[in-house]
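Visitor:
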Amino acid sequence: MQPKKKTLRPIVTGSSVLGIKYKDGVILASDTLGSYGSLARFRDIRRIVPITKHTVIGGTGEFSDFQEITKILRQKIIENQELVESGKEEDELLPSEIHSYLSRVLYGRRNKFNPLWNDVVVAGFEKGKVHMGTVDLWGSYFEDDIIATGYGTYFALPLMRKAYKKDMERDKALEVLRDCLTVLFYRDCRTINRYVFAEITKEGVNITDPVEIETKWEIADWQEGKL
Amino acid sequence: MFRTQYDSDISIYSPEGRLYQIEYAMQAVAQGSTALGLKSKTHAVVVTLMRSSDELSSHQRKIFKVDGHMGIAISGLTADARVLLKFMRNETLHHKFVYGSDLPTGEVVSSLAMKSQRNTQRWGRRPYGVGLLVIGYDGGKTHLYQTSPSGNCFSYYAQAIGSRSQSARTYLEKNFKEFPELGLEELVLHGVKALKESSGKETLTKLNVGIAVVGKEQKFEILKPNKVQTYLDQILQTEGEIEIENENENEKDQEAETLELKLD
Numbered sequence: 001m002q003p004k005k006k007t008l009r010p011i012v013t014g015s016s017v018l019g020i021k022y023k024d025g026v027i028l029a030s031d032t033l034g035s036y037g038s039l040a041r042f043r044d045i046r047r048i049v050p051i052t053k054h055t056v057i058g059g060t061g062e063f064s065d066f067q068e069i070t071k072i073l074r075q076k077i078i079e080n081q082e083l084v085e086s087g088k089e090e091d092e093l094l095p096s097e098i099h100s101y102l103s104r105v106l107y108g109r110r111n112k113f114n115p116l117w118n119d120v121v122v123a124g125f126e127k128g129k130v131h132m133g134t135v136d137l138w139g140s141y142f143e144d145d146i147i148a149t150g151y152g153t154y155f156a157l158p159l160m161r162k163a164y165k166k167d168m169e170r171d172k173a174l175e176v177l178r179d180c181l182t183v184l185f186y187r188d189c190r191t192i193n194r195y196v197f198a199e200i201t202k203e204g205v206n207i208t209d210p211v212e213i214e215t216k217w218e219i220a221d222w223q224e225g226k227l
Numbered sequence: 001m002f003r004t005q006y007d008s009d010i011s012i013y014s015p016e017g018r019l020y021q022i023e024y025a026m027q028a029v030a031q032g033s034t035a036l037g038l039k040s041k042t043h044a045v046v047v048t049l050m051r052s053s054d055e056l057s058s059h060q061r062k063i064f065k066v067d068g069h070m071g072i073a074i075s076g077l078t079a080d081a082r083v084l085l086k087f088m089r090n091e092t093l094h095h096k097f098v099y100g101s102d103l104p105t106g107e108v109v110s111s112l113a114m115k116s117q118r119n120t121q122r123w124g125r126r127p128y129g130v131g132l133l134v135i136g137y138d139g140g141k142t143h144l145y146q147t148s149p150s151g152n153c154f155s156y157y158a159q160a161i162g163s164r165s166q167s168a169r170t171y172l173e174k175n176f177k178e179f180p181e182l183g184l185e186e187l188v189l190h191g192v193k194a195l196k197e198s199s200g201k202e203t204l205t206k207l208n209v210g211i212a213v214v215g216k217e218q219k220f221e222i223l224k225p226n227k228v229q230t231y232l233d234q235i236l237q238t239e240g241e242i243e244i245e246n247e248n249e250n251e252k253d254q255e256a257e258t259l260e261l262k263l264d
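Residue numbers (UniProt numbering), protein chains in the order written: chain S, 1 to 227; chain P, 1 to 264.
Shown next as structure tokens:
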């Protein structure tokens with residue numbers, strides 16, 4: 001008899017991914033940690049990756065499954081290039097099509113009780129507009145202007161909802177994201193203070209190198225003069 | 001086409017490097033009644049002549065919808081066309097389900113070409129005896145493709161297939177340069193005029209002429225007979241005007257003759 005070869009529980013995991021639309025495009029953010037349970041095991045992984053010139057995906061959950069999803073999508077892009085007559089880049093798969101395709105894949109896996117254990121953010125630029133949304137391990141599909149996965153749903157989303165305005169400036173969008181990432185570092189135990197930002201505009205995709213954000217750990221009550 | 005010793009099987013080449021079975025299949029397309037297609041920057045149109053075997057029977061349908069943005073006109077073996085139509089409908093539906101978007105016309109035509117070619121190189125199979133004119137609107141552009149039993153597919157500005165199609169093709173060749181900028185009404189009119197060229201002795205009526213359109217803000221639609229009649233009327237009217245002009249000129253000549261007589 002064959003051993004069970006299904007995903008039973010996530011082993012190496014990534015925490016939240018945040019996304020926010022602004023005037024000229026969209027910015028995604030995440031930390032660079034792959035946790036091994038409570039151990040902060042892999043401290044420089046990339047949980048936001050480009051798929052085409054105009055699309056990125058970000059992943060929460062089992063990191064090996066996220067790597068598999070990246071492989072599946074990039075392979076699909078190559079297959080599609082053969083079909084596209086013009087050979088032009090603008091005729092390759094759109095972010096919304098990639099998003100739709102991924103939701104079919106994940107839903108199919110859940111039906112077989114062998115899920116890819118992820119919550120994936122798909123974001124990109126198509127037809128002059130931003131497309132951003134999420135798909136999860138059950139195959140649920142959502143589109144929105146502000147996105148958060150993992151613990152970000154609980155900590156960051158309420159903050160983003162308050163701060164979001166349609167067509168906000170780039171600096172304001174970054175400020176909102178940095179604020180949310182800080183809160184997550186304070187409150188989510190499975191995070192580190194090392195972040196990557198991915199910005200998508202009509203020009204294309206730009207993913208930054210890891211940066212640190214300042215945090216305050218002095219406990220106010222124990223400050224001199226306070227007690 | 002003459003019978004030779006190299007035409008008894010699809011897998012036999014002739015000494016000239018021809019596959020006669022494929023050419024005979026293309027002859028089946030040429031025997032079907034005329035179907036033609038033409039496109040502008042914003043719309044693509046197919047016009048067909050629908051035969052009926054006798055007065056009691058209905059006219060053979062030649063235009064079919066594939067999806068909201070795509071349709072075909074056929075010429076040749078209708079039964080074979082139904083198989084290809086089912087295939088195309090499946091492909092477009094599957095694409096919509098997986099990707100949430102319209103399947104580009106060029107992609108489904110490529111798949112059709114592959115499918116058609118397979119039947120020219122497989123034991124026990126024969127080529128599909130039907131030619132399709134595929135019109136579609138996707139990616140902000142209009143498309144017109146012709147497929148043939150050989151598996152060859154080409155994109156066209158305008159094309160006509162079936163019996164007496166050469167006359168229609170000649171008309172299209174003469175006029176196609178002005179098609180890109182035309183509006184829908186004028187484009188359809190050109191199509192109907194082209195069909196008239198290859199209708200021979202048959203009179204065009206709203207029952208035996210099929211028209212379908214697709215384009216920008218225009219889902220694929222087969223026009224109802226009453227709408228078809230309005231285009232036929234416009235053609236007859238222009239012809240009628242020319243006739244009346246000729247009649248008037250003849251009358252003027254007669255009057256002149258009578259005057260001369262009177263002066264005498």
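Quick reminder that beta carbons are idealized off the backbone N, C-alpha and C, glycines included.
What residue range is occupied by the uninterrupted beta strand (DSSP E) comprising M50(P)?
Guide: Looking at the DSSP string, M50(P) is not in any beta strand (DSSP E), and its letter there is neither H nor E.
Visitor: Determine the chain P residues that contact L83(S) at a beta-carbon separation under 7 Å, and present them in chain order.
Guide: Within 7 Å Cβ-Cβ: E107 and S110.
Visitor: Rounding to the nearest angstrom, what Cα-Cα distance links T34(P) and L94(S) in this structure?
Guide: Taking the straight line joining both Cα atoms gives about 39 Å.
Visitor: In the DSSP output, which residue or residues are listed as bridge partners for G139(S)?
Guide: Answer is none; G139(S) lacks a bridge partner.
Visitor: Note the first and the last residue of the continuous beta strand (DSSP E) segment covering V26(S).
Guide: G25 to D31 is the span of the beta strand (DSSP E), which, as asked, contains V26(S).
Visitor: CA-CA distance, E260(P) and D233(P)?
Guide: Confidence at E260(P) is low in this model, with a pLDDT of 46, below 50, so the placement of that residue is unreliable and no value is reported for it.
Visitor: How should W118(S) be labelled, buried or exposed, when 16 other C-beta atoms within 10 angstroms of its C-beta is the threshold for buried?
Guide: It is Asn, not Trp, that sits at residue 118(S) in the sequence shown. It counts as buried.
Visitor: Return the chain-ordered ranges of every alpha helix (DSSP H) run that is complete within the segment 137-181 of chain S and spans a minimum of 4 residues.
Guide: Segments of the alpha helix (DSSP H) lying fully in the segment 137-181 of chain S: 152-163.
Visitor: Quick one: is Y101(S) near chain P, going by C-beta distance under 7 Å?
Guide: True, the Cβ-Cβ gap to chain P drops below 7 Å.
Visitor: Can you name the residues that DSSP bridges to F125(S)?
Guide: Paired residues: V130(S).
Visitor: Hey, does S198(P) have any beta-carbon neighbour from chain S nearer than 7 Å?
Guide: False, the Cβ-Cβ gap to chain S never drops below 7 Å.
Visitor: With three or more C-beta pairs closer than 8 Å as the rule, is the segment 159-175 of chain P touching the segment 9-16 of chain P?
Guide: At 8 Å Cβ cutoff, the stretches do not touch.
Visitor: With a cut-off of 7 Å, does the C-beta of R104(S) fall near any C-beta of chain P?
Guide: Answer yes: the Cβ-Cβ gap between R104(S) and chain P drops below 7 Å somewhere.
Visitor: Any heavy atom of the ligand HEM closer than 6 Å to the CB of E79(S)?
Guide: What this structure holds is no ligand at all, so the ligand HEM is not there to describe.
Visitor: Can you pull the chain S residues whose beta carbon is under 7 Å from the beta carbon of V98(P), in chain order?
Guide: Under the 7 Å cutoff, chain S gives S100, Y101 and R104.
Visitor: Please confirm if S101(P) has its CB atom under 7 Å from at least one CB of chain S.
Guide: Closer than 7 Å: yes.
Visitor: Excluding sequence positions up to five away, which residues of its chain have a Cβ less than 8 Å from the Cβ of G71(P)?
Guide: Counting only Cβ-Cβ distances below 8 Å, and skipping sequence neighbours, we find V46, I63, F64, K65, V134, I135, G136, A212, V214, F220 and I222.
Visitor: Sort A198(S), N80(S), L157(S) and R187(S) by Cα distance to T55(S) and report the nearest one.
Guide: Selected option, being the one with the closest Cα: A198(S).
Visitor: What does DSSP give as the partner residue(s) for V209(P) in the beta ladder?
Guide: L49(P).
Visitor: Where DSSP assigns a beta bridge to K65(P), which residues make up the other side?
Guide: DSSP, once it has assigned bridges, lists G71(P) as partnering K65(P).
Visitor: Buried or exposed, going by whether 16 or more other CB atoms sit within 10 Å of the CB of residue 301(S)?
Guide: This structure cannot speak to residue 301(S), because chain S is shown only from 1 to 227.
Visitor: So T134(S) packs on I147(S), CB below 8 Å; how close in whole Å?
Guide: Right, the Cβ-Cβ distance comes to about 6 Å (below 8 Å), so this counts as a contact.
Visitor: Can you tell me the Cα-Cα spacing of A40(S) and K216(P), whole angstroms?
Guide: Taking the straight line from one Cα to the other gives about 55 Å.
Visitor: For a contact meaning CB atoms closer than 7 Å, what does G139(P) contact in chain S?
Guide: Under the 7 Å cutoff, chain S gives D91.
Visitor: Would you identify the three-state DSSP class for L93(P), choosing helix, strand or coil?
Guide: Note: L93(P) maps to helix in three-state DSSP.
Visitor: Below 8 Å CB to CB, which residues in the same chain sit around K262(P) once its five sequence neighbours on both sides are set aside?
Guide: Confidence at K262(P) is low in this model, with a pLDDT of 45, below 50, so its placement is unreliable and no value can be given for it.
Visitor: Would you call the segment 68-86 of chain S in contact with the segment 108-115 of chain S, where contact means no fewer than 3 C-beta pairs closer than 8 Å?
Guide: Touching, no.
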